[in-house]
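Heads up: the sequence shown begins at 15 in our numbering, then just goes up one per residue.
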Amino acid sequence: MNLENSWQIYSNKFFNESKTVVVKIGSALLIDDSIGDINKSWLSCLAEDISNLKDKGKKVIIVSSGAVALGKKIFHSDSEKLDLEQSQAAAAVGQIKLCQAYQEHFDPLGIKTAQILVTSEDSQNRRRYLNSKATITRLLELNVVPIVNENDTVATDEIRFGDNDRLAAQVASLVGAEILVLLSDIDGIYSADPKLEKMSRHIPIVDEVNEAIVSLAGETFSNIAKGGMRTKVEAAQIASLAGCATVIAKGDLSYPISGIVNGGKVSWFLASRNPENARKQWINSIKIKGSVFIDEGARKAIESGSSLLPAGITKFFGRFARGDIVEIINTDGKKVGKGISSYNSEELEKIKGCSRENISIKLGYVARSAFVHRDDMVL
Ligand code: GLU
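Below, the structure is given as structure tokens:
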């Protein structure tokens, strides 16, 4: 069914149409093992690639590994295997070097970078989810390239993402990216391990990232890349469900992203839905904690695509925390939508009916103006 080179059509289309791109970079690409330090020439090329994307108006987030690999020299040991405390200490040392390297290579191109460290708790806890989403979104609006990594120094096994492929997929879904780029040491997924089987076939397009394809990757590629092909395909699955397409491409060449844009051989995993529907589906799947009644002005505003502001709220029932789901009810008592609340019920008690300017005065601190942001609302 798939035409030969059909990935090129997708690479072209997706990169033309995308607004936000997440690029995952593994330690194997970024660190030159022979010197235990950053591969500067590779990073310079990557920085130019990112700069080209930004010149085309794209927002770019980098998810980068490398903290542990850069920091492990402090142990003066050649041993590859570090225990948990050792890798946490190594990450604490290496993370500074990692972000410094990005800054040094992006600054000359006029690109500001920012460090974001997260644990998997941050995406499971909705309050933290909203906070990290708001921060990353604001950085992107400010034209900054966030450099995301797992917060290895506090991440114990229970709260670990475990691998940055999965983390990158979560970030892509968090910000509603259209493309997740997983740079690897192989140009995509094959029907069997190409190093072992000559007859293995490159799979250019995966229409549906289902369990069959996940287990194919598990069986055939478990040792190829550092994270393994399985984690990459699992990451593609998370991204796909969030409406984001994933491309697995060979990263160990100069200008790896231009390589994809210019038609280099890759595998594309298609998005199953658009990001908005995925987020809305998530909102729909969560139990409501409160009911918020709005006036006619607010109803018209939200129906024409605006956020719900505290000014339009007349009364509410229920106790909820920031990040909980509330239903939105109009003057006829009819449910008109659902959404993620940006304030808890105690705060809303103080600011319902309040204009934007008075919110901070009533609360005593500067807060977000919307009660439910339009991106976090289902009508
Ligand atoms: N967070 C780890 C690091 O910076 C890497 C995890 C991974 O590569 O999956 O070294």
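Glycine included, every Cβ here is placed at the ideal spot set by N, Cα and C. Model, not experiment: these values are computed from the prediction.
In terms of residues, what are the limits of the beta strand (DSSP E) holding residue i?
i, result
"Glu164", "159 to 164"
"Val37", "34 to 39"
"Phe330", "327 to 331"
"Glu310", "Glu310 -> not in any beta strand (DSSP E); alpha helix (DSSP H) instead, spanning 310 to 317."
"Lys72", "Counting along the chain, Lys72 falls outside any beta strand (DSSP E), and DSSP gives it neither H nor E."
"Ser205", "Neither: Ser205 is in no beta strand (DSSP E) and is coded neither H nor E."
"Phe89", "Unbroken run through Phe89: none, as it is neither H nor E."
"Phe283", "280 to 283"
"Ile343", "339 to 343"
"Val195", "193 to 198"
"Ile130", "127 to 132"
"Val261", "259 to 264"
I'd like the span of the alpha helix (DSSP H) that includes residue i, first residue to last.
i, result
"Phe120", "98 to 120"
"Glu62", "54 to 69"
"Ser187", "178 to 189"
"Glu211", "Neither: Glu211 is in no alpha helix (DSSP H) and is coded neither H nor E."
"Ala249", "242 to 255"
"Phe28", "20 to 31"
"Ser272", "270 to 275"
"Leu323", "Per DSSP, Leu323 belongs to no alpha helix (DSSP H) and is neither H nor E."
"Ala83", "81 to 85"
For the ligand GLU, is there a heavy atom less than 8 Å away from the beta-carbon of residue i?
i, result
"Ser79", "yes"
"Asn178", "yes"
"Leu112", "yes"
"Ala83", "yes"
"Gln251", "no"
"Asn163", "yes"
"Ala256", "no"
"Ala105", "yes"
"Ser41", "yes"
"Asp346", "no"
"Gln102", "no"
"Gln266", "It should be noted that the sequence gives Asp, not Gln, for residue 266. Checking the Cβ of Asp266 against the ligand GLU gives no."
"Asp166", "yes"
"Gly108", "yes"
When the Cα of residue i is compared with those of the options, which residue comes out closest?
i, options, result
"Lys352", "Lys366, Ser214, Gly337, Glu361", "Gly337"
"Ser32", "Val261, Lys246, Glu310", "Val261"
"Ala186", "Ser79, Thr34, Thr149, Lys314", "Thr34"
"Asn163", "Arg152, Leu156, Arg180", "Arg180"
"Pro160", "Leu196, Ile193, Ile76", "Ile76"
"Leu362", "Tyr379, Lys329, Val392", "Lys329"
"Tyr143", "Val189, Ile110, Leu112", "Val189"
"Gly332", "Val280, Lys86, Val350, Ile342", "Ile342"
"Ser101", "Thr167, Lys209, His90", "Thr167"
"Ser198", "Ser383, Tyr379, His387, Ala42", "Ala42"
"Ala128", "Ile297, Lys87, Ser78, Lys86", "Ser78"
"Trp21", "Ile110, Ala259, Val36, Arg370", "Ala259"
"Ala250", "Tyr379, Ala115, Phe29, Val36", "Val36"
"Thr133", "Arg313, Gly124, Ser146", "Ser146"
"Glu192", "Ile150, Val280, Lys72, Asp266", "Lys72"
"Gly311", "Gly367, Ser355, Lys303", "Gly367"
"Gln184", "Asn344, Thr151, Ile252", "Ile252"
"Ser55", "Glu118, Ala83, Phe28, Lys27", "Glu118"
"Gly202", "Ile219, Phe385, Ala226, Met213", "Ile219"
"Lys86", "Arg313, Gly319, Gly50", "Gly50"
"Ala384", "Leu210, Gly326, Pro270, Ser48", "Gly326"
"Ile373", "Leu323, Ile125, Val392", "Leu323"
"Ser65", "Asn157, Leu112, Ser369, Leu96", "Asn157"
For the ligand NAD, I want to know if residue i counts as a neighbour, meaning its beta carbon is within less than 8 Å of at least one of the ligand's heavy atoms.
i, result
"Ser268", "As for the ligand NAD, it is missing from this structure, which binds only the ligand GLU."
Counting only runs that start and end within the segment 345 to 382, where is the beta strand (DSSP E) found for 3 or more residues in a row? 349 to 354
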